[in-house]
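Residue numbers (UniProt numbering): 1 to 236. C-beta atoms are modelled at their ideal positions from N, C-alpha and C, and glycine is treated no differently. This one's a predicted model, so the numbers in the text were calculated from it and none came from an experiment.
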Amino acid sequence: MISTLEFSSFPFRDHEEFCLIAGASCEQQLLLIPPLFDEMNRMRQVLVDVMRRLEKQGIGSVFPDLPGSNESVVPSDQASLSMWQEALVRCLETFDNLGYVAGVRGGCLIDAVGPDLPHWRLTPVDGQRLLRTMMRTRVASDKEAGVTMTISDLTEQAAHETLNLAGNAINPGMFAELQAATPDTLKTVRQIRLNSDPKEADDKIDGSALWLRAEPESDPALAEAISQDISEWIRS
């Protein structure tokens, strides 16, 4: 089978949001939820590679853009976790043959859509940790520019103004949501981590933590490990 990727869209509020589709004719279909913020950009190539590999194994996938990201017409400073979940619900309703959900990193904070569907998670992370990582980056950047700023200062500002954190416009509502966000408890969840991660998981796979890299990179070993685990999980 030759892997083909297609661009499509789904209705959201008063406009369309884009998505990438692989294996549209496959019987088994997966909703793939990317990491959030800058981690999304670092992981996009690997996740597209995963889609191609899954299609070759007879599994289709839909990879939606989140409102406020990529080519979305929604301003990035208006996005929120609740908006993203709403968009994912619309995506599920549009592509109603999606029988599985896979979330990566921060994507696991918004994957409680189709709660009765089987879910797969790779290195889930809570919102507070994502915030602190972005705030540390902001503090370091400000320091290089000769500006003294602390995480406490940023947290105080975030209560009443939109912050630029690692290139992301985080409005007060989004900041508050992230502070409290943890992956939801769902009926059926398979949780995977990298072999280098000491935290407990249902299983561990080989690969690099690309979400920690400074620039987007590819990792064929990680793409293969993810696609193989998802394929075996769906067929089990």
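query, result
"Uninterrupted beta strand (DSSP E) stretches inside the segment 101–153 (no shorter than 3 residues)", "119–122"
"Own chain residues within Cβ distance below 7 Å of C91, not counting five before or after", "F10, C19, L31, V62, P64"
"Environment of S227 [buried if 16+ CB atoms lie within 10 Å]", "buried"
"Nearest-angstrom Cα separation, counted from A159 out to F175", "8 Å"
"Sequence-distant residues of the same chain with beta carbon closer than 7 Å to A219, five excluded per side", "Per the sequence shown, residue 219 should be read as Asp rather than Ala. If we look at D219 and ignore the five residues flanking it on each side, its Cβ neighbours are V46, G207, S208, L210."
"Nearest-angstrom beta carbon gap, V50 and H119 [assumed within contact, 8 Å]", "With 8 Å as the limit, H119 and V50 do not qualify as a contact, their Cβ atoms being about 16 Å apart."
"L36 (DSSP reduced to helix, strand or coil)", "coil"
"Any 3 or more C-beta pairs closer than 8 Å across the segment 132–145 and the segment 105–116", "no"
"Anticipated Cβ contact below 8 Å, Q191 with L131, distance rounded", "Actually they are not in contact, since the Cβ atoms of Q191 and L131 sit about 22 Å apart, beyond 8 Å."
"N-terminal and C-terminal residue of the alpha helix (DSSP H) that S72 is part of", "Counting along the chain, S72 falls outside any alpha helix (DSSP H), and DSSP gives it neither H nor E."
"Among I21, D14, S82, the one whose alpha carbon lies nearest that of S8", "I21"
"Contacting residues, own chain, Cβ-Cβ under 8 Å from L5 (five flanking each side not counted)", "L20, I21, A22, V48, M51, R52"
"Exposure label - V73; buried when at least 16 CB within 10 Å", "exposed"
"Own chain partners of I33 with C-beta closer than 6 Å, once the 5 adjacent residues on each side are dropped", "G103, G107, D111"
"Nearest to K56 (by Cα), restricted to the options T155, G146, Q29", "Q29"
"Endpoints, the alpha helix (DSSP H) within which G173 is located", "172–180"
"Buried or exposed by the 16-neighbour rule on C-beta atoms within 10 Å, applied to R121", "buried"
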